[in-house]
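Here's the structure we're looking at; comments come further down.
There are 6 protein chains.
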Amino acid sequence: MKYIKDIKENESVRGIYLCRGKRSAETRNGKPYDNLILQDKTGTLDGKVWDPNSQGIADYDEKDFIDVVGDVISYNGNLQLNVKQIRRAQEGEYDPADYMPTSEKSIDGMYEELLGYISQIKNEYLRQVVEFYFVKDDAFIKNFKGHSAAKTVHHGFAGGLLEHTLSVVKMCEYFAGAYPILNRDLLYTSAICHDIGKTKELSNFPDNDYTDDGQLIGHIVIGVEMVGDAVREIPGFPEKLASELKHCIIAHHGELEYGSPKKPALAEAVALNYADSADAKLQTLTEIFRAKDSMDWLGYNRLFESNLRKTSV
Amino acid sequence: MKYIKDIKENESVRGIYLCRGKRSAETRNGKPYDNLILQDKTGTLDGKVWDPNSQGIADYDEKDFIDVVGDVISYNGNLQLNVKQIRRAQEGEYDPADYMPTSEKSIDGMYEELLGYISQIKNEYLRQVVEFYFVKDDAFIKNFKGHSAAKTVHHGFAGGLLEHTLSVVKMCEYFAGAYPILNRDLLYTSAICHDIGKTKELSNFPDNDYTDDGQLIGHIVIGVEMVGDAVREIPGFPEKLASELKHCIIAHHGELEYGSPKKPALAEAVALNYADSADAKLQTLTEIFRAKDSMDWLGYNRLFESNLRKTSV
Amino acid sequence: MKYIKDIKENESVRGIYLCRGKRSAETRNGKPYDNLILQDKTGTLDGKVWDPNSQGIADYDEKDFIDVVGDVISYNGNLQLNVKQIRRAQEGEYDPADYMPTSEKSIDGMYEELLGYISQIKNEYLRQVVEFYFVKDDAFIKNFKGHSAAKTVHHGFAGGLLEHTLSVVKMCEYFAGAYPILNRDLLYTSAICHDIGKTKELSNFPDNDYTDDGQLIGHIVIGVEMVGDAVREIPGFPEKLASELKHCIIAHHGELEYGSPKKPALAEAVALNYADSADAKLQTLTEIFRAKDSMDWLGYNRLFESNLRKTSV
Amino acid sequence: MKYIKDIKENESVRGIYLCRGKRSAETRNGKPYDNLILQDKTGTLDGKVWDPNSQGIADYDEKDFIDVVGDVISYNGNLQLNVKQIRRAQEGEYDPADYMPTSEKSIDGMYEELLGYISQIKNEYLRQVVEFYFVKDDAFIKNFKGHSAAKTVHHGFAGGLLEHTLSVVKMCEYFAGAYPILNRDLLYTSAICHDIGKTKELSNFPDNDYTDDGQLIGHIVIGVEMVGDAVREIPGFPEKLASELKHCIIAHHGELEYGSPKKPALAEAVALNYADSADAKLQTLTEIFRAKDSMDWLGYNRLFESNLRKTSV
Amino acid sequence: MKYIKDIKENESVRGIYLCRGKRSAETRNGKPYDNLILQDKTGTLDGKVWDPNSQGIADYDEKDFIDVVGDVISYNGNLQLNVKQIRRAQEGEYDPADYMPTSEKSIDGMYEELLGYISQIKNEYLRQVVEFYFVKDDAFIKNFKGHSAAKTVHHGFAGGLLEHTLSVVKMCEYFAGAYPILNRDLLYTSAICHDIGKTKELSNFPDNDYTDDGQLIGHIVIGVEMVGDAVREIPGFPEKLASELKHCIIAHHGELEYGSPKKPALAEAVALNYADSADAKLQTLTEIFRAKDSMDWLGYNRLFESNLRKTSV
Amino acid sequence: MKYIKDIKENESVRGIYLCRGKRSAETRNGKPYDNLILQDKTGTLDGKVWDPNSQGIADYDEKDFIDVVGDVISYNGNLQLNVKQIRRAQEGEYDPADYMPTSEKSIDGMYEELLGYISQIKNEYLRQVVEFYFVKDDAFIKNFKGHSAAKTVHHGFAGGLLEHTLSVVKMCEYFAGAYPILNRDLLYTSAICHDIGKTKELSNFPDNDYTDDGQLIGHIVIGVEMVGDAVREIPGFPEKLASELKHCIIAHHGELEYGSPKKPALAEAVALNYADSADAKLQTLTEIFRAKDSMDWLGYNRLFESNLRKTSV
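See the structure below:
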């Protein structure tokens, strides 16, 4: 099978892809056809089934893995697959991992790094909170490693949540070295835990969409509840410290209008907010510039409220 | 002893009052003196101790109950007590309840009414959540009954939290009758619980100030955690329902910039937000117009962003 | 004739419908065709006239009542009528009332209820203002009964203005009972009159669009002028009371940026603003949830600035 | 009598002044004294009555004209009158006009200019609206000529409303010449009438404060009602034209948050908004720079949201 | 050749036009075709090349001048040219000036007027700054005369920058006459120079798009740098005056959120901001009403945040 | 002489201090007195001259260095010096450096560090820009080393500009290592130069106030002009690179409403904005927590829009 990123105009393609989207339509002449979005871990490809009632097109649905045969044309500057045959693939014929966009970095390597930071936390209460999830809870660990950090913007791939978390922790390491008022233990703990609520806010790949709890509660309050669950299991956890840790998570979006019900009131909360926001913005730029390999202006970007371009040097 | 609201110019006063504030100062001539704020449940009175080192002035501190002797003058339109003697009162000489501003309505009567609404909740899971606190937790009940709903604005008196909660529930009763899309059980439950976090956000009278948790976490998230504590104890509580209840509490301020990390996404959350906000505004007006018995314009009010006056009819 | 809400895929349809919209277009091959929107009181239906120059297609225009013959297909999940014959219907062949979306409640019944509230107004000046329009002015009464409260959002159907007004009055009845500072007479009067300017802001069905005065002046100021017209005819009307009534109307949107040139400065104006806003939001939700019978998330709603879904209980 | 602007340090002063403000206070030693603000048309002067119970100090009140005797000292860089004698002056002893800040320009001259513009209005309906007030209504004319345009900011002196109105009309004359899309008649009429509501929004000198109607209705809506009163008396006035004129008045503040319930939708409304705003800002600067004769930075100005200084050339 | 504004439905057209845009597409049947935008100085016309591979269609590109043959049809209310032949035109066959939208006023005439204002500047330093560009720099003069003032909104045509600048200067002439606090020399100089940075912010016709410097630096800061370049060449230029001139340019957008890094702090800066903004708005309205010759409402306009219509008189 | 930070209640003090402020006032009894603010590099102290006309009090003015004798009392919780003798000190009696608040870090050491970063810039054009000021311009170097970064907030002491600049560069070093899309040379150069305009925006100590240019132009645009001055002297400087460098300076405040006329459009500009803002906030916190050595809540802080306290761990 060919990876989507390697497919070229005028090729014939045969392979199993994830059917990410399916929408039935009709031509002006009243002929029905199907619009597809095919996906593997290297990207997505538009497909058209111009004759959905032909013998070669078996039943299939959104989120099925399908075996397709077709020809690639170029339409309005984008590749498009005119699909002639479709067959639902059986479990075993494919490895789901091949169909999810995934961090380019080693997930296990990054996790090792994260564990290294955890081992630096000297305050035993704080370290126990982190270990509650990141060392002792296998289901959480598996989920966290494979999760994305977002639905559409930065780090929207498997491993993205881990990659973002590690980046934030590293920036906090810099901050803790540069600004002595910051307590390294609290800063590391809150950095490591700041987005754990995302494991419940977004469903897993290939779905990667907001859960009911994500819509109703949001990852910030979910995260606070998860921290509370850990704290409850740790005898003697100082109340004030628990509140400070929860505060850092509550306030990490920095502004009420960004969904933090409290503005940062502790130095560590201020620092965490900067680390989270700076990593999100710089990673988003990294992904934007990777996607469009051009020195030209890329057009108005809503997140940055500016036109963007790569630097000339 | 005379209640503060009954004290008049040119009287001599002797009685026990709560020393709400104490600030030492010095006249231009270098003579030290003390500024006091005296309080009982009917109001506050400014005091001056022009000779704090005289024999008649014993040691005393802010938040002490003190036995004072002095003369009342009028200074710049306000009454002021020139204090000649001060003595710290002993426990037993006074009843603390006489020194806290308190709801004018019967606290037990209001609580009975609230219990009546609780008994109307048909969904057994939701009713159990409410009963967890309002029926079974004596410490919570005592605290809730005596609490204020705010530090400075509306319902800033003992019983104020109960009075506000009951008003909100009653308005929700009206809403549930008028708009059939609203689920009465969820609306009552979230109305009754919407401000339970305030029992931990504000300390008790006479202090009535923000707690550490109030500053760091806030009553909205505290309330969600308290609901979570109850839900955890109720076997079989439907997850979706728990999220919906938490959402109503999370969203009851209606806007992100007012501290709700989520906007209302359920009809009951929309209704609760209106009931909470309308009661707060109309009760604030009630307190403003009670305090100034005048048909004149009262001056710009920051909360209402308007000058205010009583209606002529 | 079949009501639009009862029409199904693959049926043949013949009947008289209101031509709500007509737009001529051309296929890629240069063949002209017409896009129609057909309407009756139960809903709207897209139509296509693929052969507008055929003999069967007589002349017709937007806002005509037309007798159509055609076949129903499903296109992209929506029904569509492929129209083969069109004939302009004659007056008498149809009852215009069948073609306007209309309140599901009895208009006369609601009006009776409103008159009941009017009879409760004890202040004779205020009652006379209301009676000036709602009892004595037959043209106004007819217009008010048939009017919608809005062009697109809540209560956008004949009788909608009456239904909204009655709902607001009822909520004001609740407020007046719950908050003694409110003057019931002024509150009822201003609630009943708050949107009378809409009778001139929006044209009647089937047009239901902004009038020139609606664009230039707006229903708030129009309403104030209408109140002024009534006051002028009532000998001895107290000036201060007239100003207070006008103020309640002026301020009923609550915020300058929502088009009220003054923020509420009287308690009744505050209450009216809440009643108007709460009814608008809860009725909008009622209409949204009626239109989409689903327990799923309905997607981002711009008015509520949130995704929305029905409650699970 | 000496004009306040001519009074100097260390002088003795005797004369009749308007008692603009009176506030009783008490020294640290418990001695009562009075703070006064004395005013004539050239400015204001602080006064102190250190011995208000002495024989020389007769009864007097705010807004009385009082005959005072005292000595001028300099206190913290400002002049202050230590008042020894006070006597309420009798009507006839003074001319009230001498005590109001007044336009430096000839009021009758400006009014003549305004009449000149009125005579240029060719549309007879519009001219009749203007004449209804500015030619035929003597009470209005007298009131308009003596009115201020504001309580505290620009044009806060007798004749200020006339001076501002004339300036706005002149700028509209420029606009009408430069931009042919503007209709001169409508622009002049709306410019002349744009602030007529201020004659009822602010009370007359020496009070010059918001009236009840000013608080509740505001000069914009009052102005629309006054235009309506005139239009009603002019047979055959075109409805559309009346709406356009009212719109220009409604929209002349330019933004909803500045109290205009509609944004400008006609070219004349856009132009009037600029003329009103530009004159207000440039006249405010004129008054600021006249008051402080300095080339230094004058400090942050809240209206301009900037520090201000005179230009060096 | 026919001007685009004179082309009518069902005509055959042959002539040279600027190919403003070209986008290749494909019909449902997989047949490729090209979408064109053709332009001359009177307007633009959509074109379709249904058979781009036919012999008659020679190679051509965006921004080429092309000789086209085709038939005009009406599609969805707009004219469209079905193009049958295309040939790239040679230099000499056309006059580029015929293909740019251009001011309707005489460019040389307007420039003369501008020079007249320059000659009125009495302060020799300020006059030298203006002359540095507007008298002595031929390349600048040529560029300035042919430049537009904007990419899409008001004055978006050759000569537009000159036309806008002259309008702003004339309004400043009015201001300087009406408000004596304004220094005429500084006001004229800053008005003449306020948008000189646009000569580098926008590229020349036919491109008329943001330059790299326009995106990165913006015309306000570019203008300050250009003034700095001139000042540096003028011996003895008073530093304070240079700063004041730069300030007027910096602040001419009036608000930080409109891209001025400083709010106006000098009276001339306030006046310039009004002149710039008023001319932009009134010219935009002029262009809008010229484009749509209708007395109807034109629909919501984003710049004016309002629906717009022509006045009835 | 005693440093101000070491002065205690009830001491007698004699020494030379900078007279930071002087304001004459008068007691209730009409007795004149002077309020002083005395300063040395360790802090400020309030002073009162109760008998300014006594023989011991020689002539002196704001910003003089004065030799004072007096007694320290405590007034309302703050120390206050009752001054009995004052004498203007002669140059030579004091070292001005002793009277300016100064960075606690070694200025020369920090400058060495900064030079180390400069030497890492590989792009010779960018390095020459930095060297133009930081290596070759002795007057600039001296000024930069002694400058504060602000008037009142963070880094408001001599050396503060250097300390802030170095912190920003170091954070940029972290960013450049963590995010490969960032060009290290451009990021270092713009970080080093981002606030060079402050050397002209704020006057030197002891004045440390906004200059005329600071008010009119602001340090952002001044900085761009200074970069332009350097670029002009460097033959062959690539235009695009110059624009990119200027852009980073222009955009370093990140938001238009914070005075950046452009939002960041290059990755380096985004990074610089974060480094500048994060250092400002974390240094401000450092200074706040240093000033108040308390674990209590410090009260609402306007910059952080939050109450603040030190972390408990």
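Residue numbers (the UniProt record's numbering), protein chains in the order written: chain A, 1 to 313; chain B, 1 to 313; chain C, 1 to 313; chain D, 1 to 313; chain E, 1 to 313; chain F, 1 to 313. In this text, a Cβ means the ideal position worked out from N, Cα and C, and glycines have one as well.
- request: Tell me whether the beta-carbon of residue 196 (chain D) lies closer than 9 Å to the beta-carbon of residue 237 (chain D).
  value: no
query: How long is the line joining the alpha carbons of residue 248 (chain C) and residue 79 (chain C), rounded to whole angstroms?
result: Rounded to whole angstroms, residue 248 (chain C) and residue 79 (chain C) show a C-alpha spacing of 46 Å.
query: Looking at C-alpha atoms only, which residue of F:105, F:169 and F:199 is the closest neighbour of residue 222 (chain F)?
result: F:199
task: Could you give the DSSP three-state label for residue 103 (chain B): helix, strand or coil?
output: coil
query: How would you call residue 208 (chain B), buried or exposed, if buried means at least 16 neighbouring beta carbons within 10 angstroms?
result: buried
message: With three or more beta-carbon pairs closer than 8 Å as the criterion, would you say the region 82-90 of chain F touches the region 103-114 of chain F?
response: no
field: CA-to-CA distance, residue 51 (chain F) to residue 48 (chain B), given in whole angstroms
entry: 28 Å
message: Any beta carbon of chain C sitting closer than 9 Å to that of residue 265 (chain D)?
response: Yes, residue 265 (chain D) lies at the interface with chain C (some Cβ there is under 9 Å from its Cβ).
message: Rounded to the nearest angstrom, what separates residue 281 (chain E) and residue 269 (chain E) at their Cα positions?
response: 18 Å
query: Closest Cβ-Cβ distance between residue 220 (chain D) and chain C: below 9 Å?
result: Closer than 9 Å to some Cβ of chain C, the Cβ of residue 220 (chain D) qualifies, so yes.
task: Give the residues of chain E in contact with residue 215 (chain C), contact being defined as C-beta atoms less than 8 Å apart.
output: 297, 307 and 309
message: At the 9 Å Cβ level, is residue 181 (chain A) part of the contact set with chain B, yes or no?
response: It does not; no Cβ of chain B falls within 9 Å.
query: Where do the ends of the alpha helix (DSSP H) carrying residue 270 (chain D) lie?
result: DSSP places residue 270 (chain D) in the uninterrupted alpha helix (DSSP H) bounded by 267-291.
- prompt: Hey, quick one: how far does the alpha helix (DSSP H) through residue 3 (chain C) stretch, first residue to last?
  reply: No alpha helix (DSSP H) contains residue 3 (chain C), which DSSP labels as neither H nor E.
- request: Please report the Cβ distance between residue 251 (chain D) and residue 273 (chain D), rounded to the nearest whole angstrom; I am assuming they are in contact, meaning their Cβ atoms lie under 8 Å.
  value: 7 Å
- prompt: The beta strand (DSSP E) spanning residue 38 (chain A) covers which residue range?
  reply: 32-40
field: Under 8 Å (Cβ pairs) to chain G, residues found in the region 201-213 of chain F
entry: Absence of chain G from the displayed structure is noted, the protein chains being A, B, C, D, E and F.
field: Contact residues within the region 226-249 of chain B, judged by C-beta distance below 7 Å to chain C
entry: Going along the region 226-249 of chain B in chain order, one finds 240, 241 and 244 with a Cβ nearer than 7 Å to chain C.
- prompt: Residues of chain E with a CB under 7 Å from the CB of residue 268 (chain D): which are they?
  reply: 311
message: Nearest by alpha-carbon distance to residue 147 (chain D): which of D:276, D:24, D:205 and D:286 is it?
response: D:205
- request: Starting from residue 257 (chain A), find everything on chain B with Cβ-Cβ shorter than 9 Å and list it in chain order.
  value: 255, 256 and 257
message: Can you tell me which residues form a DSSP beta bridge with residue 65 (chain E)?
response: According to DSSP, residue 65 (chain E) bridges with E:18.
message: I'd like to know whether the C-beta of residue 150 (chain D) is nearer than 9 Å to at least one C-beta of chain B.
response: Taking Cβ atoms only, chain B never reaches closer than 9 Å to residue 150 (chain D), which makes this a no.
message: For residue 59 (chain E), report the span of its beta strand (DSSP E) as first-last.
response: Neither: residue 59 (chain E) is in no beta strand (DSSP E) and is coded neither H nor E.
- prompt: How would you label residue 1 (chain D), buried or exposed, when you count the other beta carbons within 10 angstroms and need 16 or more for buried?
  reply: With fewer than 16 other Cβ atoms inside 10 Å of its own Cβ, residue 1 (chain D) counts as exposed.
- prompt: Is residue 286 (chain E) close to chain D, meaning its C-beta is less than 9 Å from at least one C-beta of that chain?
  reply: Answer yes: the Cβ-Cβ gap between residue 286 (chain E) and chain D drops below 9 Å somewhere.
query: So with Cβ pairs under 9 Å, would you call residue 283 (chain A) a contact of chain F?
result: yes
task: Might you give, ordered along the chain, the residues of its own chain that have their beta carbon closer than 8 Å to the beta carbon of residue 15 (chain F), omitting 5 neighbours on each side?
output: 1, 2, 67 and 68
message: Residues of chain C with CB closer than 8 Å to the CB of residue 260 (chain D), please, in chain order.
response: Simply 261.
field: First through last residue of the alpha helix (DSSP H) which encompasses residue 200 (chain F)
entry: 198-201
task: Throw me the rounded Cβ distance for the residue 181 (chain E) and residue 157 (chain D) pair, which I believe falls under 8 Å.
output: Beta-carbon to beta-carbon, residue 181 (chain E) and residue 157 (chain D) are separated by about 17 Å, too far to satisfy the 8 Å threshold.
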